[in-house]
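Participant: Handing you this structure, nothing more for now.
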Ligand code: G
Ligand code: G
Ligand code: MN
Ligand code: NA
């Protein structure tokens, strides 16, 4: 595959870049962080989304150096935001969310690399949230969970991404070192129609109640309309992400949003 063989040189040549999508508090609409989403500016094919190349990078192992690059860029950006910009909601420092793929989770250097980057750049661990998909943790044994547990104990937040799409094992949540559930956008989509899908409302209500009883925060993805945001706020979700608030964009876009909040 042409794209696969081009990946290492693309990383060397600096063809990857990161867009940030704001994470917003549902109660007052203030920005409290952003998710880092990598893109490839390919010299022939134009800008490629992660769905086009992350699976290839995962397959070849390039995801490890690429993921390290994404982490370093994102941590630098979060450090900049924390130093240069007004604080997010409730005076909390801004956070950055970085996606981890299964191969990164299995890589023995994960904890050491993450600590090294945080220390070198000077970002407090609480400024970083690592997103791991629910499917990557299905059936995870203690060996796989240990690095996440170590990071969580240091103060790095761990979010369970795309929650509710796989074989969600709610009882399993208790033994995972996660502090945030990111509810998959399929639930949000069920709230777009009028009236909202009553089953989706009930499911989200139940998930929020369980999450809060386990002291997990709930972030919802794919919020595209004010009506969806209203439902999700009423159901007790904590934070949201979606086109209604902002599309993924260059880091400067967050500056504008933050300065508008301040
Ligand atoms: O960028 P887009 O909005 O199309 O994101 C598509 C998917 O790609 C998301 O589910 C996200 O988890 C994944 N993704 C985006 N950036 C990264 C990254 O840096 N590393 C990994 N592993 N996945 C990413
Ligand atoms: O990590 P994850 O796959 O959840 O990454 C978020 C993905 O969802 C990205 O591809 C992003 O572009 C996409 N996305 C973000 N907000 C919205 C939205 O409001 N609607 C839809 N359809 N997709 C969104
Ligand atoms: Mn994600
Ligand atoms: Na997701």
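In this note's numbering, the protein residues as written are 7 to 268.
Ideal placement from N, C-alpha and C gives every residue a C-beta, glycine not left out.
#1: I'd like the ranges of any beta strand (DSSP E) spanning at least 3 consecutive residues and lying wholly in the region 102-161.
#2: Could you pull the start and end residues of the alpha helix (DSSP H) that residue 62 belongs to?
#3: Which residues have a Cβ closer than 6 Å to any heavy atom of ligand 3, listed in chain order?
#4: Taking 9 Å as the threshold (C-beta atoms), are residue 188 and residue 214 in contact?
#5: Once the 5 residues before and after residue 202 are set aside, which same chain residues still bring their CB inside 7 Å of it?
#6: In the DSSP output, what is residue 39 paired with across the bridge?
#7: Shortest alpha-carbon distance to residue 261 belongs to which of 10, 71, 89?
#8: What residues match up with residue 188 in a beta bridge as DSSP calls it?
#9: If you measure from the beta carbon of residue 142 to each beta carbon in chain D, is any gap under 9 Å?
#10: Taking the beta strand (DSSP E) that residue 9 falls in, what are its first and last residues?
#11: Use the C-beta contact count for residue 140: other C-beta atoms within 10 angstroms, 16 or more gives buried, fewer gives exposed.
#12: Below 8 Å on the Cβ atoms is my guess for residue 120 versus residue 166; work out the distance and round it to an integer in Å.
#13: Are the Cβ atoms of residue 241 and residue 210 separated by less than 9 Å?
#14: Which residues does DSSP list as the beta-bridge partners of residue 45?
#15: With a threshold of 7 Å on Cβ separation, who are the neighbours of residue 14 within its own chain once the five nearest residues in sequence on each side are excluded?
#16: For residue 84, report the span of its alpha helix (DSSP H) as first-last.
#17: Less than 8 Å separating the Cβ of residue 163 from some heavy atom of ligand 1?
#18: Output the distance between the C-alpha atoms of residue 37 and residue 246, rounded to the nearest integer angstrom.
#19: Looking at residue 254 and ligand 1, is the gap between the Cβ and the nearest heavy atom below 8 Å?
#20: Quick one: what's got a C-beta closer than 6 Å to residue 56's C-beta in the same chain, skipping five residues either side?
#21: Under DSSP, the alpha helix (DSSP H) around residue 244 begins and ends at which residues?
Facilitator: Working from what's here:
#1: Counting only runs of 3 or more, we get 134-139.
#2: Counting along the chain, the alpha helix (DSSP H) containing residue 62 begins and ends at 56-66.
#3: Every residue passing the under-6 Å Cβ criterion appears here: 41, 105, 137, 167.
#4: No, the pair does not count as a contact, with Cβ atoms beyond the cut-off.
#5: Same-chain partners within the cutoff: 196, 237.
#6: DSSP lists 29, 101 as the beta-bridge partner residues of residue 39.
#7: Checked all of 10, 71, 89; the closest Cα to residue 261 is 89.
#8: According to DSSP, residue pairing for residue 188 in a beta bridge involves 225.
#9: Of the chains in the structure shown, none is chain D; there is only one protein chain.
#10: Looking at the DSSP string, residue 9 is not in any beta strand (DSSP E); the run it does join, the alpha helix (DSSP H), is 8-19.
#11: So residue 140 counts as buried.
#12: The beta carbons of residue 120 and residue 166 sit about 18 Å from each other, so the pair does not count as a contact at 8 Å.
#13: In this structure, residue 210 lies closer than 9 Å to residue 241 by Cβ.
#14: The partner list for residue 45 (beta bridge, DSSP) reads 23.
#15: Counting only Cβ-Cβ distances below 7 Å, and skipping sequence neighbours, we find 68.
#16: That run of the alpha helix (DSSP H) goes 69-90.
#17: Ligand 1 never approaches residue 163 closely enough for any of its heavy atoms to be under 8 Å from the residue's Cβ.
#18: Computed Cα separation, rounded: 10 Å.
#19: A heavy atom of ligand 1 is found nearer than 8 Å to the CB of residue 254.
#20: Counting only Cβ-Cβ distances below 6 Å, and skipping sequence neighbours, we find 44.
#21: For residue 244, no alpha helix (DSSP H) run applies, since DSSP gives it neither H nor E.
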